[in-house]
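Asker:
In the working numbering, the protein residues as written are 1 to 642.
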């Protein structure tokens, strides 16, 4: 093990926790590695992957993470690949062939890839030694970044007969750790935590009014000019604005966010990694998996979303062990923006009821099929809460996820149809003939008719898909698939629709309250008179950090008293009809009924939901005019006006 460490990775010794996690995996046990950002979690699967007999399957939440990890593995001569939606069919076929042959040691995918029936058909045929779950806190509803699809990973582990799992995360509270342990049956002694205290990070929280923040940022960065720096903001437009402001003040900087074209983002990241660009102003789209050891400064121009996000983002600084500064320019001005992200994810009770009505429509055959987009439109529910709603219905024993499939498969012949049939004999040739005959042909593409194949030939969908994949692998056809349809079994339909709608709405309302409380817990830490480093470590259950670190703003005698936001015009003085009249009229025309108080509040606070796209709400007078007001205050005013 030590020999491989030096020969392949060039390290002479393990970092804290790595050897214990790797030893557990090599002994055949499932484990969890909970190390601070930048402490070398990835090595805990990379080294075992070379020593285990079969494939290591890595599930990661972000494409950027996967790309960074792959670049590192390739630099060290390790056979690793990914499958993602951006790849060509030839690239995917090549990766699949390498995995089947055993040449590939590590395959990286997003969690959504496991919902793809073609991928599941393929992966079921490949022996897998280890399932790795990166950012594993996403599996816990108590976590700060819960992703419903992660809840299914233990089921996939069983389905594909993967003997063990390794969970990796930097931000797990004690409650989240227990949840992860339970879901993957990890023994307490195989949960390896190394503590959250990093002596080289100097944490500063500086109270600054909104109007003075830009000037303070410029002053602070001028003192550190030329040092690699990430400035975090909440909104894409702020990233653009602040980057331009820094440029005007002699500080070269680039904005980085998910709204930029992929090639532009890649170029900015490359320049930052290479040292030709020293300052990036970014939303949280930047930094996941960034392997740059000499980042000297991380600045939060806006408040982070939670203590967990803060911990993850400052963890990108000083990975080389050298002293690094982490500054929060703190006030309460952006509090409403953070809270509005939370409020937008809470479905209305009526929307939940509409989804349940759609579910009851499946009573006659017990199978519920839908496309996520239209179902979200039906209930006016965003995609993440909609997925959470589906998981909640599963947990209550009402539905069971069966599979998802592409509603449409179409193919293009790369050789003559008779040449394709000539490659088979007997029953298999008849099957291929039926597939060609039942597919509807346009000039170039033929669309598969699965119903006709079953009715006329008795061929199950799975056999048809496998055959198409095989034809593509051989280069005989070009294959396209689109429109993912989710298929669930309806297990129980004897529920009270209104009572269940209320119960589920209360679940989301409780989650909303928890997330808002998480934001206020962060404010409490930032304005505390206790050592910041100690408070942060204690939040994550680390009781070994020093009570006084000596290198945070509190230890330097600077307790942050956060300034209140500027006073706003009282709401009763605003003209309700002028702000909402046009939107109410549009809503009435489109849906046949007036908008609810919740819907109007979201409109005025600038919180997007699926219906707003249909109504072109962003282009309607009044959208987001009250985004600076607390959501609860706007809701109370709207309810009073109605």
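C-beta: ideal position from N, C-alpha, C; glycine also.
For residue 297, which three-state DSSP category applies?
Answerer: If DSSP states are grouped into helix, strand and coil, residue 297 belongs with the strands.
Asker: Could you please give the first and the last residue of the uninterrupted beta strand (DSSP E) stretch that includes residue 108?
Answerer: Note, residue 108: beta strand (DSSP E), 106–110.
Asker: Quick one: residues in its chain with C-beta nearer than 6 Å to the C-beta of residue 418, no 5 flanking neighbours on either side, listed in chain order?
Answerer: Excluding positions up to five away in sequence, the list is empty.
Asker: Verify whether the separation of the beta carbon atoms of residue 40 and residue 18 is less than 8 Å.
Answerer: In contact: residue 40 and residue 18 (Cβ atoms closer than 8 Å).
Asker: Over the uninterrupted beta strand (DSSP E) stretch that includes residue 207, give me the two end residues.
Answerer: It spans 201–207 - the beta strand (DSSP E) in which residue 207 sits, taken as one unbroken run.
Asker: Would the stretch 253–261 and the stretch 319–335 be scored as touching if the rule is three or more Cβ pairs under 8 Å?
Answerer: Too few Cβ pairs lie closer than 8 Å, so no.
Asker: Considering only their Cβ atoms, is the gap separating residue 489 from residue 366 smaller than 8 Å?
Answerer: Taking 8 Å as the Cβ cut-off, residue 366 and residue 489 qualify as a contacting pair.
Asker: For the pair the stretch 305–318 and the stretch 490–497, tell me if three or more CB-CB distances fall below 8 Å.
Answerer: Not touching, per the Cβ criterion.
Asker: When the Cα atoms are used, what is the spatial distance from residue 87 to residue 550?
Answerer: If I take the Cα positions, the gap works out to 50 Å.
Asker: State the start and end residues of the unbroken alpha helix (DSSP H) segment that holds residue 649.
Answerer: With the chain running from 1 to 642 in the structure shown, residue 649 is simply not present.
Asker: With a threshold of 7 Å on Cβ separation, who are the neighbours of residue 12 within its own chain once the five nearest residues in sequence on each side are excluded?
Answerer: The residues are 6.
Asker: For a test of the three-state rule: what should DSSP assign to residue 32, helix, strand or coil?
Answerer: Correct three-state label for residue 32: strand.
Asker: Taking the alpha-carbon positions, what's the residue 164 to residue 44 distance?
Answerer: Looking at the two C-alpha atoms, the distance is approximately 14 Å.
Asker: Nearest by alpha-carbon distance to residue 401: which of 110, 387, 145, 338 is it?
Answerer: Ranking 110, 387, 145, 338 by Cα distance to residue 401 puts 387 first.
Asker: Near residue 51, which residues of its chain fall below 8 Å by C-beta distance, leaving aside the five closest residues on each side in sequence?
Answerer: Excluding sequence neighbours, residue 51 sits near 1, 4, 26.
Asker: To the nearest angstrom, how far is the alpha carbon of residue 615 from that of residue 353?
Answerer: Taking the straight line joining both Cα atoms gives about 22 Å.
Asker: Using only the alpha-carbon positions, how far apart do residue 464 and residue 281 sit?
Answerer: In a straight line, the C-alpha of residue 464 is about 49 Å away from that of residue 281.
Asker: Taking the DSSP output, what are the residues bridged to residue 600?
Answerer: In DSSP, residue 600 forms no bridge with anything.
Asker: Name the two residues that bound the continuous beta strand (DSSP E) containing residue 456.
Answerer: Unbroken run through residue 456 is the alpha helix (DSSP H), 450–457; no beta strand (DSSP E).
Asker: By how many angstroms is the C-alpha of residue 519 removed from the C-alpha of residue 243?
Answerer: Each residue's Cα considered, the two are about 26 Å apart.
Asker: When DSSP labels each residue in this structure, what does residue 441 get in the three-state scheme?
Answerer: Strand, per DSSP.
Asker: Can you tell me whether DSSP reads residue 24 as helix, strand or coil?
Answerer: Of the three classes helix, strand and coil, the one that applies to residue 24 here is helix, per DSSP.
Asker: Judging by CA-CA distance, which residue of 372, 611, 42, 76 is the nearest neighbour of residue 66?
Answerer: Closest by alpha carbon: 42.
Asker: Is the number of C-beta pairs between the stretch 227–243 and the stretch 77–95 that are closer than 8 Å three or more?
Answerer: With a cut-off of 8 Å, the stretch 77–95 and the stretch 227–243 do not count as touching, because too few Cβ pairs lie within range.
Asker: Where does residue 305 land, buried or exposed, given buried means 16+ other C-beta within 10 angstroms?
Answerer: So residue 305 ends up on the buried side.
Asker: For residue 612, collect the residues of the same chain with a Cβ closer than 6 Å to its Cβ; drop the 5 residues on either side in sequence, then sort them by chain order.
Answerer: No residues qualify anywhere along the chain.
Asker: How long is the line joining the alpha carbons of residue 62 and residue 575, rounded to whole angstroms?
Answerer: Taking the straight line joining both Cα atoms gives about 44 Å.
Asker: Excluding the 5 residues flanking residue 174 on each side, which residues of the same chain have their C-beta closer than 6 Å to its C-beta?
Answerer: Around residue 174: 541.
Asker: Would you call the CB atoms of residue 251 and residue 208 closer than 8 Å?
Answerer: It is not a contact, given that the beta carbons lie outside the stated cut-off.
Asker: So does the stretch 416–432 actually touch the stretch 505–518, counting three or more Cβ pairs closer than 8 Å?
Answerer: Not touching, per the Cβ criterion.
Asker: Considering only DSSP beta bridges, list what residue 575 is partnered with.
Answerer: DSSP lists no partner for residue 575.
Asker: Given a cut-off of 8 Å, decide if residue 111 and residue 59 are closer than it, judged by their beta-carbon atoms.
Answerer: Yes; because the gap between Cβ atoms is below 8 Å, this pair is in contact.
Asker: I need the DSSP call for residue 59, collapsed to helix, strand or coil.
Answerer: In this structure, residue 59 counts as strand in the three-state DSSP scheme.
Asker: Three or more beta-carbon pairs under 8 Å between the stretch 524–539 and the stretch 552–561, yes or no?
Answerer: These segments touch.
Asker: Counting only runs that start and end within the stretch 154–232, where is the alpha helix (DSSP H) found for 4 or more residues in a row?
Answerer: Runs of the alpha helix (DSSP H) inside the stretch 154–232: 174–184, 213–222.
Asker: Taking residue 100 as the reference, give the member of 470, 223, 200 with the closest Cα.
Answerer: The candidate whose alpha carbon is nearest that of residue 100 is 470.
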